[in-house]
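Contents: one structure, followed by commentary.
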Amino acid sequence: MIKIKFFASLREEVGKNEIQIETSEKLTIAKIWNQVCDGIPLPNHVLIAINMEYTNQNAIVKDGDEVAFFPPVTGG
Amino acid sequence: MIKIKFFASLREEVGKNEIQIETSEKLTIAKIWNQVCDGIPLPNHVLIAINMEYTNQNAIVKDGDEVAFFPPVTGG
Amino acid sequence: MLVKITENEFNPWKYLQNHELQAGKFGATATFIGTMRDYNVGDTVKSMFLEHYPNMTEKYLQQISDIALQRWDILDTLIIHRVGEILPGDNIVLVATWAGHRTPAFDACRFLIEELKAKAPFWKQETLIDDDTRWVANHSN
Amino acid sequence: MLVKITENEFNPWKYLQNHELQAGKFGATATFIGTMRDYNVGDTVKSMFLEHYPNMTEKYLQQISDIALQRWDILDTLIIHRVGEILPGDNIVLVATWAGHRTPAFDACRFLIEELKAKAPFWKQETLIDDDTRWVANHSN
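Chains as they are written, first to last, in our numbering: chain A, 39 to 114; chain B, 39 to 114; chain C, -15 to 125; chain D, -15 to 125.
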């Protein structure tokens, strides 16, 4: 099972907060996005984390991972 | 009358704290040093102020001025 | 090293006063505090909601604190960051560094706030005077 | 703008807490605190005497505060400097700047401490463990 989270404006654009998918294949981040965000192209500026570490859309996700998509950060 | 002050290690080297001189001439800082610090050459690193503003040894001192000589500063 | 995310208003000066290093062992303390303004890009802002990615924020702030402690000759670091609903005048972030000398203290403090601004997963949503809300688009300088 | 020379021990956090700007009008506060160490260039230091040039110190610190307020987009500055007999752990100097944004706050704060270190007429005389005294030769980094 893979847990997928969306934050801030991206959560609103995608209309999803958190979802879980079951998969037996090894998927890239980009494939996971396409699978869960039906029709919405992956935004250029999107930031991606696997298990709370920054990564990119070519990274491979494995069972048990937590994937997060979010817009540019604006803290501080 | 011109008031002349020495600070910190320079006060100890010169053996003077504060002295006053009367003069009718217009003197440069360098001449004042020679007049009051008999024989001690003006140190290269010395800092000089007239009326609490930094200046150099060629500045002209006028009656009523306060002249100060001091070593490199070490505050903060 | 201290990293803390808090939903409560915090007084940075009290945090600093209570974060005492051993007297005589440090010579320089550099701090930065970010405070909510009541204006942004030309508009009056009434309030702000600070969303974050729980656990990743702490993890990321600990990572940059580790990097700072390795890269500069500093003794300690502290980062406090507010989340949730906040009002103008409330403090958002406190970054502090302690060192023997001022150059590493300043450089590490600046590094921490720049890294935090660039990559720590926080997002600001402003509520304007007419109750419209908007996501802040980019971190400013 | 506040410039103050004091012979008394001071708590920088209390000064900062009491120096309140109007809530919502500032977004960034940068501070630097210099504190006496119990060591210097390899030796243990027992105490220190901070001599200064009365009136010129205040005048010079006001001049650099004026320059900072003109050169950067900042709202206020504060400089406190200790003089007289001091002990390890005592604070020597506090510099603080307030601004809308962090870059001018940091840059002006750094400018003030660098200018102070380079040219404000203070001199440190250290008393070592064997009661020998020595003038500190140069300002450090």
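Even glycine gets a Cβ: it sits at the ideal position worked out from N, Cα and C.
Rounded separation between D:VAL77 and C:ALA121 - CA only: Sequence index remark: in the fourth sequence, residue 77 of chain D carries index 93 (1-based). Sequence index remark: in the third sequence, residue 121 of chain C carries index 137 (1-based). Computed Cα separation, rounded: 38 Å.
Range covered by the beta strand (DSSP E) that runs through D:MET20: Here residue 20 of chain D refers to the residue found at position 36 when the fourth sequence is read from its first residue. Element bounds for D:MET20: n/a, residue is neither H nor E.
Whether C:TRP82 touches D:TRP(-3) by CB criterion (8 Å): The sequence position of residue 82 of chain C within the third sequence is 98, counting from 1. The sequence position of residue -3 of chain D within the fourth sequence is 13, counting from 1. For C:TRP82 and D:TRP(-3), no; Cβs fall outside 8 Å.
Per-residue contacts from B:ALA68 into chain D (C-beta, under 9 Å): The residue labelled residue 68 of chain B in the question sits at position 30 within the second sequence. Here the premise fails: no neighbours, minimum Cβ distance about 20 Å.
Using the Cα positions of D:LEU96 and A:GLU50, report the straight-line distance between them to the nearest angstrom. The count along the fourth sequence starts at 1 and reaches residue 96 of chain D at position 112. The count along the first sequence starts at 1 and reaches residue 50 of chain A at position 12. Between D:LEU96 and A:GLU50, the C-alpha separation is close to 45 Å.
Within this structure, are the beta carbons of A:ILE78 and A:ILE59 separated by less than 8 Å? The count along the first sequence starts at 1 and reaches residue 78 of chain A at position 40. The count along the first sequence starts at 1 and reaches residue 59 of chain A at position 21. No; because the gap between Cβ atoms is not below 8 Å, this pair is not in contact.
Taking C-alpha atoms, which residue in A:ASP101, A:GLU104 and A:ASN82 lies nearest to A:PRO110? For the purposes of this step, residue 110 of chain A is identified with residue 72 of the first sequence, where counting begins at 1. Taking only the C-alpha atoms, the option nearest A:PRO110 is A:ASN82.
Proximal residues, the segment 46 to 59 of chain A versus chain C, C-beta separation under 7 Å: ALA46 and SER47
Under a CB-based cut-off of 8 Å, is A:GLY102 close to chain C? In the first sequence, counting from the first residue as 1, residue 102 of chain A sits at position 64. No, A:GLY102 lies away from the interface with chain C (no Cβ there is under 8 Å from its Cβ).
Closer than 8 Å by C-beta to D:THR28: which residues in its own chain qualify, once you throw out the five before and the five after it? Chain order, please. The residue you call residue 28 of chain D lines up with position 44 of the fourth sequence. Once the five neighbours on either side are set aside, the close Cβ partners of D:THR28 are ASP22, LEU112 and ILE113.
Does any residue of chain B bring its CB to less than 8 Å from the CB of D:MET40? Position 56 of the fourth sequence, counting from 1, holds the residue named residue 40 of chain D. At least one chain B Cβ lies under 8 Å of D:MET40.
Have a look at D:THR117, D:ASN(-5) and D:GLU98 and flag the residue whose alpha-carbon is nearest the alpha-carbon of D:TYR44. By one-based count along the fourth sequence, residue 44 of chain D stands at place 60. The shortest C-alpha separation from D:TYR44 is found at D:GLU98.
Cutting at 8 Å between CB atoms, please list the residues of its own chain near C:GLN46, excluding the five before and the five after it. Taking the first residue of the third sequence as 1, we reach residue 46 of chain C at position 62. MET(-15) and VAL(-13), listed in sequence order.
Please name the residue in C:VAL25, C:ARG94 and C:ASN75 whose C-alpha comes closest to that of C:ARG118. Residue 118 of chain C sits at position 134 when you count from the first residue of the third sequence. When each option's Cα is compared against that of C:ARG118, the closest is C:VAL25.
For D:HIS3, would you say it is in contact with chain C, using Cβ-to-Cβ distances shorter than 8 Å as the test? Residue mapping note: residue 3 of chain D aligns to position 19 of the fourth sequence, counting from 1. Output row for D:HIS3: interface = no.
Collapsed DSSP secondary structure at C:LEU100 in the structure displayed: On the third sequence, position 116 is the one that residue 100 of chain C refers to. The answer is helix: DSSP assigns C:LEU100 an H, G or I state.
Cross-chain neighbours of A:PRO110 in chain C, by beta carbon under 7 Å: Indexing the first sequence from 1 puts residue 110 of chain A at position 72. In chain order: ASN122.
Pull up the CB-CB distance for C:ILE64 and C:SER49, whole angstroms please, since I reckon it's below 8 Å. Locating residue 64 of chain C in the third sequence gives position 80, where the first residue counts as 1. Locating residue 49 of chain C in the third sequence gives position 65, where the first residue counts as 1. That pair is no contact at about 12 Å.
Candidates D:GLY11, D:GLN6, D:GLU42 and D:HIS3: closest to D:PHE153 by CA position: Because chain D spans -15 through 125 in this model, residue 153 of chain D falls outside it and cannot be assessed.
Looking only at C-alpha atoms, which of C:GLU69, C:LEU5, C:ALA52 and C:ASP115 sits nearest to C:ASP91? On the third sequence, residue 91 of chain C is found 107 positions in, with the first residue counted as 1. Answer by Cα proximity: C:ALA52.
Taking all protein chains shown into account, decide if A:SER47 is buried (16 or more other Cβ within 10 angstroms of its Cβ) or exposed. For the purposes of this step, residue 47 of chain A is identified with residue 9 of the first sequence, where counting begins at 1. Counting Cβ neighbours within 10 Å, A:SER47 comes out buried, since at least 16 surround it.
Span of the beta strand (DSSP E) holding C:SER31? On the third sequence, residue 31 of chain C is found 47 positions in, with the first residue counted as 1. That run of the beta strand (DSSP E) goes 27 to 36.
Going by C-alpha distance, which of C:ASN2, C:TYR37 and C:ALA14 is nearest C:ARG66? Numbered from 1 along the third sequence, position 82 holds the residue referred to as residue 66 of chain C. The shortest Cα separation from C:ARG66 among C:ASN2, C:TYR37 and C:ALA14 belongs to C:TYR37.
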